[in-house]
Amino acid sequence: MKYRQFGNTGYKISEVSLGTWQLGGKWGLPFSEKDAMATLAEAYDQGVNFFDTADGYQGGASERTVGQFLKRHSDIHYTTKIGRKEAPLTADHFSPKSIDRYVDESLKNLGVDALDTVLLHCPPTQVLYQPETFFELDRLKKAGKIRHYGVSVEKVEEAIKAMDYDISAIEIIFNMFRLRPANLFFDLAKQHNIGILARVPLASGLLSGKYTAETTFAPTDHRTNNRHGQHFDQGETFSGVDFLTGVKAADELKTRLKTDNLAALALRYILMYDAVSAVIPGASNPNQIERNTTAADLPALSNQQMAIVRDVYDQYIKNPVEYRW
Ligand SMILES: NC(=O)c1ccc[n+]([C@@H]2O[C@H](COP(=O)([O-])OP(=O)(O)OC[C@H]3O[C@@H](n4cnc5c(N)ncnc54)[C@H](OP(=O)(O)O)[C@@H]3O)[C@@H](O)[C@H]2O)c1
Numbered sequence: 000m001k002y003r004q005f006g007n008t009g010y011k012i013s014e015v016s017l018g019t020w021q022l023g024g025k026w027g028l029p030f031s032e033k034d035a036m037a038t039l040a041e042a043y044d045q046g047v048n049f050f051d052t053a054d055g056y057q058g059g060a061s062e063r064t065v066g067q068f069l070k071r072h073s074d075i076h077y078t079t080k081i082g083r084k085e086a087p088l089t090a091d092h093f094s095p096k097s098i099d100r101y102v103d104e105s106l107k108n109l110g111v112d113a114l115d116t117v118l119l120h121c122p123p124t125q126v127l128y129q130p131e132t133f134f135e136l137d138r139l140k141k142a143g144k145i146r147h148y149g150v151s152v153e154k155v156e157e158a159i160k161a162m163d164y165d166i167s168a169i170e171i172i173f174n175m176f177r178l179r180p181a182n183l184f185f186d187l188a189k190q191h192n193i194g195i196l197a198r199v200p201l202a203s204g205l206l207s208g209k210y211t212a213e214t215t216f217a218p219t220d221h222r223t224n225n226r227h228g229q230h231f232d233q234g235e236t237f238s239g240v241d242f243l244t245g246v247k248a249a250d251e252l253k254t255r256l257k258t259d260n261l262a263a264l265a266l267r268y269i270l271m272y273d274a275v276s277a278v279i280p281g282a283s284n285p286n287q288i289e290r291n292t293t294a295a296d297l298p299a300l301s302n303q304q305m306a307i308v309r310d311v312y313d314q315y316i317k318n319p320v321e322y323r324w
């Protein structure tokens, strides 16, 4: 494993880290604490020292399990995200009063005195124009309840706007099927010393290259029930790529890049950008974690490989994804 500076936090985090949205439960299926602990342990054994969680994941069980894991491993860092555990989502979830409540609840869930890094969990855009939200985060930082804060965003423009504030991190979708963040935002983030977490790095699994036109997912899985953005932003599911188009594009990547581990290559592609602190793939079993962490040891992609990625993106993905997010 290799480690990178996480913005101005002072933390060095594993290039390949772990997203815990599906930890121990897999989207709507019953939560298993045993599976969740085993997943975190497998990642830790592979050198992962950073977990991305949220107050709403698995009804709080993701945060609680990460909290338990922290008690045994003091070298772990994490982000937790607040503001989306109650539906329907409104800007009021990001008011100073709500933030105070959510932070207190996450402190309790994680069993800590101060939260490592707190991210606003994809707030409505208008929240970024509500300075009182960020002043409250400043106050909580001074009060010692949080150490660092940032924002998880849907769109590049939101990431740029968020840099008006004293943030340490931005979480954003960036992968072989979502190239736009690199255009303008990455350089700015570097100038401001802001850490970037690349989420949904495998386009919800499409970039593993294992799905076919016949693949189906459980009814409770967002890859079934959020394909058209029915529950949250469409860009989160398959990175906003139409499923069948994504299958074709992934097949072409596999063939032209001549790889039998497209997932690892897709993660290594993201790590070609030194503005990125870490990729945070989710994993539905330990074997996936093992395969994903090999990305840190892969050689840099050649200019020819980089050109193939761009070519496939231009041919299949750019229109409409580039214009929406
Ligand atoms: N709003 C937000 O801030 C937000 C939104 C979304 C995600 N996130 C964060 O980003 C993390 C990652 O996102 P994600 O899990 O949605 O998407 P992802 O990392 O792009 O894809 C994860 C899926 O890819 C498949 N996979 C992973 N490794 C594989 C491998 N080596 N070989 C084959 N298949 C593999 C698994 O699918 P199968 O189930 O088919 O095996 C897994 O469920 C989340 O856990 C969460 O921490 C944040």
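Each residue of the sequence shown is one higher than the one before, starting from 0 at the first, in numbering that gives the first Met the number 0.
For glycine and all other residues, C-beta sits at the position ideal for the given N, C-alpha and C.
From a predicted model like this one, the values you see are computed outputs, not experimental measurements.
**Sufficient close CB pairs (3 or more, under 8 Å) joining the segment 182 to 191 to the segment 262 to 278** = At 8 Å Cβ cutoff, the stretches touch.
Go through its chain and collect everything with a Cβ distance to VAL102's Cβ below 8 Å, but skip five positions before and after it. Residue mapping note: residue 102 aligns to position 103 of the sequence shown, counting from 1. So the list reads ILE81, LEU114, VAL117, LEU139, LYS144 and ILE145, once near-sequence residues are dropped.
#### Entry: Spatial distance of LYS338 from VAL240 (CA atoms)
Past the boundaries of the shown model lies residue 338; the chain is included only from 0 to 324, so the question cannot be answered.
- prompt: Quick one, are the C-beta atoms of ALA354 and LEU17 less than 8 Å apart?
  reply: No answer is possible for residue 354: it lies beyond the span of the chain, which begins at 0 and ends at 324.
Look at the alpha carbon of TRP324 and the alpha carbon of ASN302, and state the distance between them as a whole number of angstroms.
Here the question's residue 324 lines up with position 325 in the sequence shown. Here the question's residue 302 lines up with position 303 in the sequence shown. Going by C-alpha positions, TRP324 is about 26 Å away from ASN302.
Contact check, LEU266 vs PRO285 under 8 Å by CB: the rounded distance?
Reading the sequence shown from its first residue, position 267 is the one you call residue 266. Reading the sequence shown from its first residue, position 286 is the one you call residue 285. Actually they are not in contact, since the Cβ atoms of LEU266 and PRO285 sit about 17 Å apart, beyond 8 Å.
- Task: Kindly identify the DSSP beta-bridge partner or partners of HIS76.
- Result: Looking up residue 76 in the sequence shown gives position 77. Beta-bridge pairing links HIS76 to PHE49.
request  = Under 6 Å Cβ to Cβ from THR8, same chain only, skipping five residues before and after it: list those, please.
outcome  = If you number the sequence shown from 1, residue 8 lands on position 9. The answer, listed in chain order, is HIS147 and SER167.
Length of the line joining the Cα atoms of ASN291 and LYS107
In the sequence shown, counting from the first residue as 1, residue 291 sits at position 292. In the sequence shown, counting from the first residue as 1, residue 107 sits at position 108. A direct Cα-to-Cα measurement between ASN291 and LYS107 gives close to 31 Å.
*asked:* Measuring alpha carbon to alpha carbon, tell me which residue in ALA35, SER97, ALA158 and PRO95 is nearest GLY59.
replied: Along the sequence shown, one-based indexing puts residue 59 at 60. The residue among ALA35, SER97, ALA158 and PRO95 with its C-alpha nearest the C-alpha of GLY59 is ALA35.
With a Cβ-Cβ cutoff of 8 Å, do THR79 and ASP54 count as a contact?
For the purposes of this step, residue 79 is taken as the residue at position 80 of the sequence shown. For the purposes of this step, residue 54 is taken as the residue at position 55 of the sequence shown. In this structure, ASP54 lies closer than 8 Å to THR79 by Cβ.
* To do: Sort TYR210, TYR312, VAL152 and GLN287 by Cα distance to GLY234 and report the nearest one.
  => Position 235 of the sequence shown, counting from 1, holds the residue named residue 234. Closest by alpha carbon: VAL152.
Checklist line | Inter-residue spacing [alpha-carbon to alpha-carbon] between SER94 and GLU131 | finding: Within the sequence shown, the letter at position 95 stands for residue 94. Within the sequence shown, the letter at position 132 stands for residue 131. One C-alpha to the other measures close to 8 Å.
Can you tell me which of the three DSSP states LEU187 falls into?
-> For the purposes of this step, residue 187 is taken as residue 188 along the sequence shown, with counting starting at 1. Residue state for LEU187 is assigned as helix, using DSSP reduced to three classes.
- In the DSSP assignment, what are the bridge partners of GLY18? Numbered from its first residue, the sequence shown carries residue 18 at position 19. Residue pairing by DSSP puts GLY18 in a beta bridge opposite ASP51.
Going straight from the alpha carbon of LEU300 to that of PRO29, what length do you get?
-> Here residue 300 is taken as the residue at index 301 of the sequence shown, counted from 1. Here residue 29 is taken as the residue at index 30 of the sequence shown, counted from 1. Going by the C-alpha atoms only, they are around 40 Å apart.
Check: Any idea if SER105 is buried or exposed, counting beta-carbon neighbours within 10 angstroms, 16 or more meaning buried?
Finding: On the sequence shown, residue 105 is found 106 positions in, with the first residue counted as 1. It is buried - the Cβ of SER105 has at least 16 other Cβ atoms within 10 Å.
Practice problem: Report whether the distance from the Cβ of ARG198 to the nearest heavy atom of ligand 1 is below 7 Å. | Solution: In the sequence shown, the residue the question calls residue 198 occupies position 199. Within the cutoff, so yes.
**Asked** DSSP on TYR56, reduced to helix/strand/coil?
**Response** Reading the sequence shown from its first residue, position 57 is the one you call residue 56. TYR56 sits in a helix when the DSSP states are folded into three classes.
Using CA atoms only, rank isn't needed, just tell me which of ILE316, THR293, TYR322 and LEU270 is closest to GLN4.
Along the sequence shown, read from residue 1 onward, the residue named residue 4 stands at position 5. The option with the nearest alpha carbon to GLN4 is LEU270.
Other residues of its chain near ALA262: CB distance less than 7 Å, five sequence neighbours each side excluded: If you number the sequence shown from 1, residue 262 lands on position 263. If we look at ALA262 and ignore the five residues flanking it on each side, its Cβ neighbours are LEU201, LEU206, SER207, ARG290 and ASN291.
*Name the DSSP bridge partner or partners of ARG267?*
In the sequence shown, counting from the first residue as 1, residue 267 sits at position 268. Note: ARG267 is not bridge-paired with any residue in the DSSP secondary-structure output.
Could you check where the alpha helix (DSSP H) with ASP99 kicks off and where it finishes?
-> Locating residue 99 in the sequence shown gives position 100, where the first residue counts as 1. Residues 95 to 109.
Report the residue ranges of all alpha helix (DSSP H) runs contained in full by the segment 113 to 163; include only those spanning at least 4 residues, in chain order. For secondary structure counted as the alpha helix (DSSP H) over 4 or more consecutive residues, the segment 113 to 163 holds these complete runs in sequence order: 130 to 141 and 155 to 161.
Exercise. Taking GLY24 as the reference, which of TYR56, MET0 and GLY46 has the closest Cα?
Worked result: Taking the first residue of the sequence shown as 1, we reach residue 24 at position 25. When the alpha-carbon of GLY24 is set against those of TYR56, MET0 and GLY46, the nearest one is in TYR56.
Note to self: Between PHE231 and ALA197, how many whole angstroms is the CB-CB distance? I'm expecting something under 8 Å.
What the structure shows: Position 232 of the sequence shown, counting from 1, holds the residue named residue 231. Position 198 of the sequence shown, counting from 1, holds the residue named residue 197. Between PHE231 and ALA197, the beta carbon gap of about 19 Å keeps them out of contact (Cβ cut-off 8 Å).
- Beta-carbon spacing of PHE176, GLY245 below 8 Å: Numbered from 1 along the sequence shown, position 177 holds the residue referred to as residue 176. Numbered from 1 along the sequence shown, position 246 holds the residue referred to as residue 245. In contact: PHE176 and GLY245 (Cβ atoms closer than 8 Å).
* Please report how far the alpha carbon of ALA40 lies from the alpha carbon of GLU213, in whole angstroms. => The residue you call residue 40 lines up with position 41 of the sequence shown. The residue you call residue 213 lines up with position 214 of the sequence shown. Looking at the two C-alpha atoms, the distance is approximately 33 Å.
Discussion item. Tell me the residue span of the beta strand (DSSP E) that contains ILE172.
Written reply: As a first step, residue 172 must be located in the sequence shown, where it is residue number 173. Segment 168 to 172, the beta strand (DSSP E) holding ILE172.
#### Entry: When THR236, HIS221 and THR215 are compared against VAL199, the one with the closest alpha-carbon
Counting from one through the sequence shown, the residue named residue 199 turns up at place 200. Considering only alpha carbons, the answer is THR236.
- Item | Short Cβ contact (8 Å threshold) for THR38 with TYR77 | Here residue 38 refers to the residue found at position 39 when the sequence shown is read from its first residue. Here residue 77 refers to the residue found at position 78 when the sequence shown is read from its first residue. The Cβ atoms of THR38 and TYR77 do not sit closer than 8 Å to each other.
Along the chain, where does the alpha helix (DSSP H) containing ALA306 start, and where does it finish? Position 307 of the sequence shown, counted from the first residue, corresponds to residue 306. First-last of the alpha helix (DSSP H) with ALA306: 302 to 311.
(Q) For PRO319, count the other beta carbons within 10 Å of its own beta carbon; 16 or more makes it buried, fewer makes it exposed. Which is it? (A) Counting from 1 along the sequence shown, the entry for residue 319 is found at position 320. Exposed, since its Cβ has fewer than 16 Cβ neighbours within 10 Å.
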